[in-house]
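Top to bottom, those sequences are chains S and U.
Letter by letter, the first sequence follows residues 3 to 115 of our numbering.
Letter by letter, the second sequence follows residues 64 to 176 of our numbering.
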Amino acid sequence: AQKITQTQPGMFVQEKEAVTLDCTYDTSDPSYGLFWYKQPSSGEMIFLIYQGSYDQQNATEGRYSLNFQKARKSANLVISASQLGDSAMYFCAMRGSNYKLTFGKGTLLTVNP
Amino acid sequence: EAGVAQSPRYKIIEKRQSVAFWCNPISGHATLYWYQQILGQGPKLLIQFQNNGVVDDSQLPKDRFSAERLKGVDSTLKIQPAKLEDSAVYLCASSLLGGGGAFFGQGTRLTVV
Chain S
3 AQKITQTQPG MFVQEKEAVT LDCTYDTSDP SYGLFWYKQP SSGEMIFLIY QGSYDQQNAT
63 EGRYSLNFQK ARKSANLVIS ASQLGDSAMY FCAMRGSNYK LTFGKGTLLT VNP
Chain U
64 EAGVAQSPRY KIIEKRQSVA FWCNPISGHA TLYWYQQILG QGPKLLIQFQ NNGVVDDSQL
124 PKDRFSAERL KGVDSTLKIQ PAKLEDSAVY LCASSLLGGG GAFFGQGTRL TVV
């Protein structure tokens, strides 16, 4: 069984500062993928970043980076230089060997001016 | 490249009525997912298709929900009869068989009154 845990219901950050959103996971699959999605108040689910379990380097996409620590089973999202438009729900998700995509409960990020 | 298309965007029905949602995935994406997202929660997987076969439907309430993907392309999700607790956003997503990101449609917001 796959499980994703996001322990931060809400986070606040000042504009232009960096913020880390926590995600831990549990799986028995030897191969898996980790994802982060952004869901603004409009409701669309926007794919941000992907990390494969065998990838040697942490994934980066612009201001987003994924801090992957395999031994700790964590896949934290780091957003650098926060912008007001980053205010949204953020979901961590995992896909196992059967391609089942499981989501955490999400973290509501608020960026303050 | 066209994204995942879903219709309708919004639907209001009375309890005990039936409703159907449609999803057309990104061209070439073999894997298709239907999720239910209740307000304030993370998406919950209802059913996952690989081409036109069901990979996982363990959380689909089969007494009232059904889904099909007959030709391995577009898919429909049906609820019959609807209950008040079915009020949610129904999200469709698709991905390539080999991995990478799963991409979502804009969702259908269902209100059961």
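Cβ atoms here follow ideal geometry from the backbone N, Cα and C, with glycine treated the same way.
Per DSSP, the bridge partner or partners of S:Thr-62: S:Ser-67
Proximity test, Cβ basis, 8 Å: U:Val-118 and chain S: yes
Candidates S:Gln-85, S:Ser-43, S:Asn-69, S:Tyr-52, of which the one nearest S:Asn-114 by Cα: S:Gln-85
Three CB pairs or more closer than 8 Å across the stretch 77-88 of chain U and the stretch 70-87 of chain S: no
Rounded distance between the beta-carbons of U:Gly-105 and S:Ser-105, thought under 8 Å: Correcting the residue identity first, residue 105 of chain S is Phe in this sequence and not Ser. With 8 Å as the limit, S:Phe-105 and U:Gly-105 qualify as a contact, their Cβ atoms being about 4 Å apart.
Neighbour flag for S:Phe-49 against chain U, beta carbons, 8 Å: yes
Continuous beta strand (DSSP E) assignments of at least 3 residues falling wholly in the stretch 99-140 of chain U: 107-113, 116-119, 128-131
Sub-8 Å separation of U:Ser-157 and U:Pro-71 beta-carbons: U:Pro-71 is positioned such that its CB atom lies no closer than 8 Å to that of U:Ser-157.
Heavy atom of the ligand ZN within 7 Å of S:Gln-8 beta-carbon: Within the structure as shown, the ligand ZN is missing, as the structure has no ligands at all.
Cβ-based contacts, 8 Å cut-off: residues of the stretch 137-167 of chain U near chain S: Within the stretch 137-167 of chain U, the residues whose Cβ lies closer than 8 Å to some Cβ of chain S are Val-152, Leu-154, Ala-156, Ser-158, Leu-160, Gly-162, Gly-163, Gly-164, Ala-165, Phe-166, Phe-167, listed in chain order.
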